[in-house]
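J.:
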Amino acid sequence: MAKPDYLHFFVDPNRCIGCQACLQACTECDTHRGESMIHLEYVDRSESVQTVPVVCMHCEQPTCAEVCPADAIKRTADGVVQSARKPRCIACGNCVMACPFGVPELYEDRKIMMKCDMCYDRTSVGKKPMCATVCPSQALFFGTREQIEQLRPMSTPINTFQFGAQTITTQVHVMVPRALATRASYVDVAAAMEERPRSRAVSLKVLSGPQADGVPSETDPFAGVEV
Amino acid sequence: MAEVPVDPIRIIERFGPHLSWMTGARLSTSVDPDRLVKTHCCFCGQQCGIQLKVRGNEVIGFEPWEEFPFNRGMLCPKGVKRYLQGSHTDRLTSALQRDRSSPSGFSSLPYADAIARVASEIARIQQAHGAGAIAVLSGASLTTEKAYLMGKFARVCLKTPFIDYNGRLCMVSAGAANKKAFGIDRTTNPWSDMVGSDVIWVAGSNVAECSPITTNYIWQAREQGAKVIVQDPRITPVARTCDLYLPVKPGRDAALFAGVLQIMIERDWLDHEFIRDYTSGFDQVAEYCREWTLSRTADVTGVPQPAIAQAAEWWGTAKTSFLFHARGIEHHSNGVQNSLATINLVLASGRIGKPKSGYGTIVGQANGQGGREHGQKCDQLPGWRDITNPEHRRYIAGVWGIDEQELPGPGVDAYELFRKIDRGEIKGLLSICFNPKVSLPDNGFVTRCLDKLEFYAAIDFFLNDTAWHDDVVLPGSLQEEDEGTVTQVEGRIIKINKAVDCPGEARQDWRIIQDIAQALGRPTGFTFTEPREIFDELRIASKGGVADYSGVTYEKVTQQLGVFWPCYSEDPKTGQPTEHQGTPRLFERGSYNPVAKGNGPFYFPDGRARFNVADYRAPVDDASEDYPIYLTTGRVVSQFLSGTQTRRIGPLVRQYAEPRIEMHPRLAAKLGIADGEWATAETRRGTITLRAQVVTTIRPDTIFIPYHWPGRKSANQLTVAAQDPISKSPQYKVCGCRVRKAEGAPPYAAILEPQQ
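Structure representation (structure tokens):
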């Protein structure tokens, strides 16, 4: 069995509410029960409740596999990048250092790298991954392109990421506000990292109303509140 | 006297809360379940469909249930890990009695002896002090069958008027407002109606943490063009990206709604035709709103003028809309007025009783809806009937086979019940599904009252903090050990299915109640052999009432994946038997209901909805010179209510282990408190020392403390017992407080685990 090629994984951090249902459900998986392979990060909790769920992006040319000296990381024919294979993995951690998205983790106690495999035990038999099934905000969505187009008219799926000179194309798509996606068909990650930080790490789209270009404003809704 | 028998730390050592983790069959990837049981989550009022994996007599995991239409497989972290409450080391598997000679303060006794003891104590107290010296406290996480039985048991078996339930801490303000405005108390539309609305207004509801599944409906509505307005003192996850955030000062909601309605009146953003044909009382409301000018509204509420004007414009000019609220505006001494004020906005817009246009209050507990319809409230009889209405009394007395004269009159609300204990009027208490020592405000007072009881027995599956005061504990059932129905947030009746048997000597709750009735020598009416029989009697008892379940059967619920009440066995118009499918949407134009009899869509004889003057009153014990900061309380996503269940589930505790005091960096800087440092908050009732969480996502004049923990970590040591005069809802969401940097860690930090 293989993951049906018309079903895709979409991540929309804009929808994420940080509830961790994905992490909790990931630990129920039949292949790595008790461990979550998905990460959920606060961008900066002191400034915002914004959280970002991170699954394996399942790169077309996985950097993790390319740097693996033991050839332990395999990509299936249907494009799913697997956890390291047990007899081969030497727990060197190269993949952990190399992954541009920060996904693989080394389990020192077991001397092996494990990571999200898009719930291959589920997706290869036509089910949705556990995290995308339970996600109450559907920040994690698994379905067809037609479904995502119909359900998310405000954003566009993007699966090309620029890290300096390296272009990475992934199986997993990230939903980008449509207004921003018209400027470029890829996300320039390195450039974004060098962007001058805003006065607030995460902006609040509040009193000033929606912005034309999709860039949120930085109005402090509590500016007038006396302490 | 029902005092805690030994040092609480000894009780905690034996009875927890300890943490359960995935072990054994739950961790193994080579163990398959014997079967999957389609049922629902045991926690909040969303009642998400879920399949429990069962092996032998143990729930070993879950599988999403994607066919159930409300959540289609979605779950929050509580739903995912709810199965870990089963096979728990803290689980009560035998009856207990207070025993000071036992290190843990309690010793086991045979179930039959425990029942005999409870019955003889009830009989003794009632003989000496009258039937009303015994009170019953029950809860809205019980199935509707059990909730119905508790009301019947109190009135028919114990013959006491004193029964009330923990919904008093939950939705009563919304319920009372719905009754006054619509004549019926239910969310008007299925949630799917939200998608396609022009505007969604979320008033006082931390949707992402308290009703997570609703988030997807809101986000989907926004994808389809809805503007989202969020009114909250905190920038909650749904507020973060909303289109308009109204940073309201705690306790000022009625003023905000009046100000918005005033702008709608000034700009003539009203549905005159709807107001004329389907409502009454608009003129008095308009008269009241006149004093709520934009500048005054902004001054009182703390919401900037442009934001109020923007909200009024979006709401006023929308073609379709959905407004919902939750405890944020309801948990107030002015909670009914706050709720009525939202309804006024809805009625003035005319956007109700139509596809894509609705109003609702988000149910908090599993059966927050069904649990408030069938008679465990102090003033209510089944079918949402009124215990003071002679016709209603006669009907229910007939169903119960008693003389109407024997049926007690109205009792008192749950908090007043404690005041009666304090005054010595109530001497014995039987409780189920209620942990008032953690959940009631000013819980130091509640603890003193518990100490005064001559006799206290609780039915529970874990020894919760209140049950430490018990003379006898009867081991009850977890949700997955019984079957029955609950009614979820949309008014949809759904079926809870049994997955496993009760362990040891534990019993299904309704059997325990019937065993007590039997032991009291008053078994008549308490000889049901399965929940279905209770439900069938409830169908008759509810027939003809506003909450009419007469056409609902277990089969129909299962086949249709839920039935929206009212669901009639006889057509209310013709009186002929009917195969009614239920009522997903209320108040549709031209709809017929048994109260209005064709005069209109609302549940009053004239068929009209009521505008009610929704008066703003400042909170009781408001912020003042001595207590200058607002304290507000609420939930976190991984915990539920008093934590009796969720503080025993390891992965949920790890997610958020201990309460923190959330405060803005400007306030923290003024007080000299850094993130993670110990801080002490103090109100007129008590103090609490917790670590500070310094975040910009809360009003700088307000602190927030989640309420799921007991003892010295309990937020309700601080809250005020002021109650709404109509609904008797406590004012959990605001009181004046002061905060200082703590001298050091509190003594509990070295003794207790985070969840304890």
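Line order of the protein sequences matches chains A and B. Per this note's numbering, the very first residue in the first sequence carries number 4; after that it's consecutive. Per this note's numbering, the very first residue in the second sequence carries number 91; after that it's consecutive. The C-beta atom is built at its ideal place from N, Cα and C for all residues, glycine as well.
1) Would you mind listing the beta strand (DSSP E) stretches within the stretch 272-351 of chain B that are 3+ residues and don't spill past its ends, in chain order?
2) Check each residue of the stretch 143-166 of chain A: if its Cβ is closer than 9 Å to any Cβ of chain B, include it; give the result in chain order.
3) What in chain A is Cβ-close to Asp791/B, meaning under 9 Å?
4) Please classify Pro500/B: is it buried, with 16 or more other beta-carbons within 10 angstroms of its beta-carbon, or exposed?
5) Taking 8 Å as the cut-off, decide whether the C-beta atoms of Leu239/B and Ile624/B are in contact.
6) What separation, rounded to the nearest whole angstrom, lies between the Cα atoms of Val106/A and Val57/A?
7) Helix, strand or coil: which one does DSSP assign to His11/A?
8) Name, going along the chain, the residues of the stretch 106-139 of chain A whose beta-carbon falls closer than 8 Å to a beta-carbon of chain B.
9) Between the Cα of Tyr838/B and the Cα atoms of Ile102/B, Val94/B, Ala92/B, which residue gives the shortest distance?
10) Using only alpha-carbon positions, find the residue among Glu843/B, Pro749/B, Arg380/B, Ala840/B that is nearest to Lys803/B.
11) With DSSP as the reference, identify every bridge partner of Ile788/B, one or two as the case may be.
12) For the stretch 770-788 of chain B, which residues have a beta carbon sitting closer than 7 Å to at least one beta carbon of chain A?
13) Which residues in chain A have a C-beta closer than 9 Å to the C-beta of Arg172/B? List them in chain order.
14) Let me make sure I understand the geometry here. Which of Glu571/B, Asp626/B, Leu628/B has the alpha-carbon closest to that of Arg601/B?
15) Looking at chain B, is there any beta carbon in it that lies within less than 8 Å of the beta carbon of Thr173/A?
16) Is it buried or exposed, Ser632/B, if we count other Cβ atoms within 10 angstroms and call 16 or more buried?
17) Please return the same chain residues whose Cβ sits closer than 7 Å to the Cβ of Ala204/A, not counting the five positions on each side in sequence.
18) If you drop the 5 nearest sequence neighbours on each side, which residues of the same chain put their C-beta closer than 7 Å to that of Ile816/B?
19) Quick one: is Pro695/B buried, meaning 16 or more other Cβ sit within 10 Å of its Cβ, or exposed?
20) According to DSSP, simplified to helix, strand and coil, what is Phe616/B?
21) Could you tell me the distance, in whole angstroms, from the CA atom of Ala758/B to the CA atom of Cys62/A?
22) With 9 Å as the limit, tell me which residues of the stretch 4-21 of chain A have their beta carbon closer than that to any beta carbon of chain B; keep them in chain order.
23) What are the residues in the stretch 747-763 of chain B lying within 8 Å of chain A by C-beta distance?
24) With a threshold of 8 Å between beta carbons, is Gln141/A in contact with chain B?
25) If you reduce the DSSP assignment to three classes, tell me which class Thr173/A lands in.
26) Can you tell which of Arg162/B, Gln137/B, Ser210/B, Cys132/B has the C-alpha that lies nearest to the C-alpha of Leu174/B?
27) Output the distance between the C-alpha atoms of Gly581/B and Trp655/B, rounded to the nearest integer angstrom.
28) Can you look up Gln85/A in the DSSP assignment and give me helix, strand or coil?
29) So for Thr723/B, helix, strand or coil by DSSP?
30) What in chain A is Cβ-close to Tyr720/B, meaning under 8 Å?
31) Are the C-beta atoms of Gly82/A and some chain B residue less than 8 Å apart?
32) State the DSSP-derived secondary structure class of Thr129/B, mapped to helix, strand or coil.
33) In chain order, what are the residue ranges of uninterrupted alpha helix (DSSP H) at least 4 long that sit wholly in the stretch 207-240 of chain B?
34) Against chain B, with Cβ distances strictly below 8 Å, would Arg48/A count as a contact?
35) With DSSP as the reference, please indicate the residues paired to Gln455/B in a beta bridge.
36) CB-CB under 7 Å to Gly222/B, same chain, minus the five flanking residues each way: which ones, in chain order?
T.: The structure says:
1) Uninterrupted beta strand (DSSP E) stretches at least 3 residues long and entirely within the stretch 272-351 of chain B occur at 289-293, 317-321, 334-336, given in chain order.
2) Within the stretch 143-166 of chain A, the qualifying residues are Leu154, Arg155, Pro156, Met157, Ser158.
3) Residues of chain A passing the Cβ test: Phe225, Val228, Glu229, Val230.
4) Classification of Pro500/B: exposed, given that the 10 Å Cβ count is below 16.
5) Between Leu239/B and Ile624/B, the C-beta spacing is below 8 Å.
6) About 7 Å.
7) His11/A falls in the strand class under three-state DSSP.
8) Flagged, chain order: Lys131, Met133, Thr136, Val137, Cys138, Pro139.
9) The residue among Ile102/B, Val94/B, Ala92/B with its C-alpha nearest the C-alpha of Tyr838/B is Ile102/B.
10) The option with the nearest alpha carbon to Lys803/B is Pro749/B.
11) Ile788/B is bridged to Arg324/B.
12) Contacts with chain A (Cβ-Cβ distance below 7 Å) from the stretch 770-788 of chain B involve Val784, Val785, Thr786, Thr787, listed in chain order.
13) Going along chain A, no residue has its Cβ under 9 Å from Arg172/B, so there is no contact; the nearest lies around 10 Å.
14) The residue with the shortest Cα to Cα distance from Arg601/B is Glu571/B.
15) The Cβ of Thr173/A sits no closer than 8 Å to any Cβ of chain B.
16) Its Cβ being crowded by 16 or more others within 10 Å, Ser632/B is buried.
17) Unreliable positioning characterises Ala204/A in this predicted model, as indicated by a pLDDT of 44, which lies under 50. The coordinate reading is nonetheless provided below. So the list reads Val46, Asp47, Glu50, Ser51, once near-sequence residues are dropped.
18) If you ignore the 5 residues before and after Ile816/B, its C-beta comes within less than 7 Å of the C-beta of Ala266, Val426, all in its own chain and listed in chain order.
19) Per the 10 Å Cβ criterion, exposed.
20) It is coil, neither helix nor strand.
21) Computed Cα separation, rounded: 44 Å.
22) Flagged, chain order: Asp15, Asn17, Arg18, Cys19, Ile20, Gly21.
23) If the cut-off is 8 Å between Cβ atoms, the stretch 747-763 of chain B has His754, Pro755, Arg756, Leu757, Lys760 near chain A.
24) Chain B contact via Cβ: present.
25) In the structure shown, Thr173/A sits in a strand (DSSP, three-state: E or B).
26) In terms of CA proximity to Leu174/B, Cys132/B leads the group Arg162/B, Gln137/B, Ser210/B, Cys132/B.
27) Taking the straight line joining both Cα atoms gives about 6 Å.
28) Here Gln85/A sits in coil by DSSP.
29) Three-state result, Thr723/B: strand.
30) Contact of Tyr720/B with chain A by beta-carbon distance below 8 Å is absent, the smallest such distance being about 11 Å.
31) Taking CB atoms only, Gly82/A has no neighbour in chain B less than 8 Å away.
32) In the structure shown, Thr129/B sits in a strand (DSSP, three-state: E or B).
33) You should have found no qualifying run.
34) It does: the Cβ of Arg48/A has a partner Cβ on chain B nearer than 8 Å.
35) The partner list for Gln455/B (beta bridge, DSSP) reads Cys134/B.
36) Hits under 7 Å: Thr250, Pro251, Phe252.
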